[in-house]
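Per UniProt numbering, the sequence shown runs over residues 1 to 751.
Ideal Cβ placement from N, Cα and C applies to all residues, glycine included.
Structure, as structure tokens:
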Amino acid sequence: MASCFGEDLDCISLCKKMMYAYVVLLFAATVCCNADANYIIGTGISDITGPAAEVDMMGYANPAQTTHGIHLRQYSRAFIISDIKNSSRIVFVNTDSCMQSQGLKLEIVKRLKSKYGNLYTERNLCISGTHTHSGPGGFHQYLLYDITSLGFVKESFDALVEGIIMSIDRAHSNQKPGNIYVNSGELLESNINRSPTSYLYNPPEERARYKHDVDKNMTVLKLVDAEEKDIGMISWFAVHCTSMNNTNHLISSDNKGYAEQLFEMNKNGGAFPSFANGKFVAAFAQANEGDVSPNTAGPRCLDTGKPCDSPHSTCNGRNEMCVAFGPGKDMFDSTKIIAETQYKKALELYDSAKTMLTGPVDFRHSYVDMTKVEVQLNATTKVKTCKPAMGYSFAAGTTDGPGAFNFEQGSNSTNPFWNLISSFLKAPTAEQIACHKPKPILLDTGEMSSPYMWEPEIVDVQLLRIGQLALIAVPAEFTTMSGRRTRDAVKKTLVMNGFPADTIPVIAGLSNDYADYVATFEEYQAQRYEAGSTIFGPHTLEAYIQQFEILAEAMAKGTPAAPGPNPPNLLDKQLSFLLPVVFDHAPFGSHYGDVVVDAKPSYKQGDSVVVKFIGANPRNDRKWENTFLTVDMLGPGQNWTTVYTDGQWPTKFEWHSTSMFLGESQATITWDIPADQQIGTYRIQYFGNWKEISGSITTFHGKTKQFKVTSLKDFYKRKLQKSSLKEKIRQNMALTNDILASKFQIPQNVG
């Protein structure tokens with residue numbers, strides 16, 4: 001075989017082609033011995049956690065909600081699926097991020113092409129976000145989405161690009177023949193409609209077709225190898241990742257991210273995370289969640305505890321006071337509950353999946369200028385879409401995360417003061433006002449181009465096929481009814497043109513780029529948050545459905561889809577006003593990693609260990625596929641074994657600046673000891689990097705003293721030996737209460 005040295009480009013190109021041919025032959029040789037396999041499947045996972053300090057979180061648009069640590073790391077999970085002849089393939093990537101950005105996908109495709117040629121392109125690659133609102137922002141190329149993060153944040157962008165590509169690389173190198181099964185079922189008590197009054201604007205006869213005002217259906221793919229060994233799982237279920245609210249400052253992959261952890265730990269023998277090839281990968285992907293909330297206790301007024309004003313989601317005229325609550329005692333508990341319901345249902349569907357996917361792997365993709373789409377509504381009526389614009393109700397936020405300045409949802413009128421403010425940016429033209437009616441325009445983003453474009457005009461539309469599954473990749477947040485209409489239209493078009501009657505249409509939400517929300521025409525009239533954020537006007541949904549019908553017909557007939565106009569690449573125009581880390585400093589007389597608050601000698605199962613260290617800014621090193629902390633257990637031979645890292649549920653890593661002027665900070669590490677934690681000797685370690693004013697960065701670490709974790713019984717037994725009779729009775733009651741709480745998960749004040 002030829003070998004290449006130096007930079008002989010022709011030789012390098014020849015080597016790449018020979019290596020690719022070798023891989024294809026290897027697949028062919030493997031396939032001949034696996035005649036029962038329908039597909040070739042590869043899975044991969046990688047870390048995409050961005051800067052854990054000082055960066056505004058993407059989702060709630062709250063400038064005060066900046067990162068100050070980590071609860072759950074963010075990951076990218078890639079699935080490559082080819083037909084058994086390896087002649088056509090698709091890539092589905094699920095990321096624990098708020099959404100995707102067009103600039104992000106353009107950069108990823110550019111790097112993939114330099115490595116794999118035309119194997120992975122914008123046409124067959126789908127990148128979908130779970131929509132967590134607790135991840136670092138600043139990774140978009142359009143201005144509006146980066147305003148609260150003080151512009152473009154390269155650290156966030158690079159973390160996503162590098163992690164997504166690594167997950168695809170791992171999936172590519174891990175391909176093997178296998179099969180895919182599909183199953184679906186109803187999941188209750190996990191989501192509610194946060195704009196129920198808007199939903200009621202949809203036609204009664206249409207609403208009568210559905211039992212609920214949100215989709216309760218979960219669809220699961222079970223991926224196995226040719227020997228029926230587990231490879232991976234993908235589920236789609238519509239629910240916002242807003243269990244963690246806008247007061248949270250710890251990076252979190254929210255309810256879907258924790259569900260992924262639970263599933264992977266179940267299939268990988270308790271290990272998490274596991275980046276090794278051959279390990280099981282589970283993705284909990286997003287669907288049509290536009291108006292769907294995980295805060296199932298519903299909204300109420302913070303000041304009175306009473307229900308909010310329903311049409312406008314206000315309390316005494318103030319939207320800031322109307323907030324929805326999850327099913328738990330706090331946002332962490334609510335995240336855990338909604339994660340566990342998704343995990344348990346997905347596992348049930350996975351284990352009982354019997355319907356095998358068979359048939360081609362295919363894809364269709366187009367770029368569409370959504371500002372110029374004409375839609376034929378009927379024989380006599382033709383309408384068109386508009387240039388982007390955000391309505392007044394956009395600024396009101398939602399009951400998951402209210403906005404400020406007394407904007408309210410359901411507003412169809414303007415305000416002279418805010419009209420004056422917005423006119424300093426750009427007053428909408430008469431044509432824009434008429435096009436978006438009845439939306440009152442707050443930000444005329446489609447007619448603003450300084451310093452660069454504020455929102456997208458050209459977006460991706462994409463349709464992926466795996467046998468009888470049709471995956472509809474939408475670049476926005478479709479409401480419940482918008483998703484239902486889109487699924488119905490795509491399936492109808494596919495079946496009319498030759499697809500089997502049992503074709504399964506699934507919405508893959510927040511895919512490839514981000515163009516805000518898509519409400520139905522009827523919901524648009526109500527002008528709640530989702531409608532005010534439907535940026536291409538009242539006929540946005542009809543335009544998207546038309547484009548997906550075009551893709552569906554092309555796929556069914558085996559004809560190519562028009563590529564459409566290329567979107568702009570604005571990465572070289574980005575502005576950033578987020579200050580870099582200048583330097584760190586340990587207080588005089590101390591060193592980085594010194595323990596400020598040490599562990600106590602002993603804790604019982606169910607306790608929390610809280611320790612503090614002299615720290616440094618986490619932005620100096622984001623610890624890619626690594627950790628800022630470990631919880632270690634002492635084993636035989638005085639050897640320490642790590643049992644938890646900063647990406648797992650029982651731990652929290654928090655960073656706080658104690659003096660911005662002096663560059664001083666502290667790191668707080670919390671370990672919530674599980675009720676079934678193995679008794680023994682433990683320690684906690686902290687790993688950091690400090691920066692000199694010269695720019696050089698140095699690693700350091702600190703560790704607590706050793707401490708014991710004891711059982712509840714042993715803990716109280718020792719206390720009883722030292723107590724009076726009266727105290728012994730009280731402690732026996734406390735022990736009984738603790739045991740009941742740990743066994744049955746009841747509140748610890750019951751007794």
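Is it right to say residue i is buried, meaning 16 or more other beta carbons lie within 10 angstroms of its own, or is it exposed?
i	result
M733	exposed
residue 792	For residue 792 there is no data in the structure shown, the boundaries of the chain being 1 and 751.
M555	buried
M496	exposed
R730	exposed
G269	exposed
L579	exposed
S696	exposed
Comparing C-alpha positions only, which one of the options sits nearest to residue i?
i	options	result
E186	D225, K345, Y544	K345
R718	I614, S602, V239	S602
T681	Q605, A208, R622	Q605
R183	A159, R730, L221, S156	The question names Arg, but residue 183 is Asn in the sequence shown. Among A159, R730, L221, S156, the Cα nearest to that of N183 belongs to L221.
H133	D169, Y60, V153	Y60
S366	I466, A562, N277, N316	A562
I507	Y529, L494, R484, F687	R484
G44	D225, G163, G129, K115	G163
Q706	A667, T296, M633	M633
T399	T380, E320, S422	E320
P294	N277, G359, G401	G401
P196	R683, T414, R528, W671	R528
A324	G397, N639, M370, T371	G397
E206	S482, V595, A501	S482
T335	D303, N277, C241	C241
State the DSSP-derived secondary structure class of residue i, mapped to helix, strand or coil.
i	result
D584	coil
D444	coil
Q100	coil
V153	coil
V495	helix
F275	coil
N737	helix
L346	Strictly speaking, residue 346 in this sequence is Ala, with Leu absent from that position. Correct three-state label for A346: helix.
T681	strand
G359	coil
I669	strand
M453	coil
Y145	helix
residue 766	The structure shown does not extend to residue 766, since the chain is modelled only from 1 to 751, so the question has no answer here.
A556	helix
P601	coil
G589	coil
C241	strand
R622	coil
Q74	coil
State the Cα-Cα distance for the pair residue i and residue j, rounded to the nearest angstrom.
i	j	result
K491	E457	27 Å
F407	K329	29 Å
H68	G403	22 Å
L349	V361	23 Å
N737	V631	28 Å
N217	P440	35 Å
A285	D444	32 Å
A470	F152	35 Å
A226	K85	15 Å
N94	S511	9 Å
V224	N38	11 Å
I535	N193	21 Å
G391	E664	43 Å
T658	C301	35 Å
T219	Q342	11 Å
A515	M370	10 Å
G326	H71	18 Å
N118	S173	17 Å
I647	N378	It should be pointed out that residue 647 corresponds to Gly in this sequence rather than to Ile. Computed Cα separation, rounded: 53 Å.
Taking 9 Å as the CB-CB limit, is residue i close to chain C?
i	result
K344	Note that chain C does not occur in the displayed structure, where there is just one protein chain.
Checklist entry - What beta strand (DSSP E) runs, 3 residues minimum, are completely inside the region 87–143? => result 89–95, 125–129
Checklist entry - Considering only residues of the region 253–303, which uninterrupted alpha helix (DSSP H) runs meet the minimum length of 4 residues and lie entirely inside it, listed in chain order? => result 254–267
Checklist entry - Where in the region 678–719 do unbroken runs of the beta strand (DSSP E), each at least 3 residues long, occur, reported from the N-terminal end onward? => result 680–691, 697–703, 707–710
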